[in-house]
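Presented below is the structure to which this report refers.
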C-alpha cells in the first residue's frame, strides 16, 4: 500500500510539473506547443536516466517504479513510448523497436480521429 501512495505522490508532482510547463511555455512558439513538447522531452530524458540508474544498480526496483510510473507517468506518457523503444533497442530488437516507433503515432492519431468521428455522430 505504501508503494501506491508514493507512486501517487510522484504522479501528482509529474502532473504539476507538466501544468507548470504548459502555463509558462504553452503559448510560446508557432510550430509546436512548447509546453507539451518540453514535458515530453523532459519525461524522455528523465526516463532514460532512471532506466540507466536502475540498470547500473544506482536505484532499486521500488524507486525505479515510483519515478517511472509515478513522476514520468504524470508528466508524460511519451516517456513510456520512448522507454519501450529504447528497451527493445538495448536488447537487440531493432526491427521491433522501429515497428513500434513508426506505428504507434500513426495508429494513435487514427484512433483519436475515430473517437472524434464517433462523438460527432452521436452529438
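Numbering (my numbering), first residue to last: -13 to 109. Glycine included, each C-beta is placed from N, C-alpha and C at the ideal position.
Query                                                                                                         : Result
What are the complete alpha helix (DSSP H) segments, minimum 4 residues, inside the segment 63 to 95?         : 64 to 76
Does residue 9 come out as helix, strand or coil in the three-state DSSP assignment?                          : helix
If distances are taken between C-alpha atoms only, which option among 82, 57, 95 comes closest to residue 31? : 57
Are the beta-carbon atoms belonging to residue 33 and residue 81 less than 8 Å from one another?              : no
Considering only their Cβ atoms, is the gap separating residue 98 from residue 86 smaller than 8 Å?           : no
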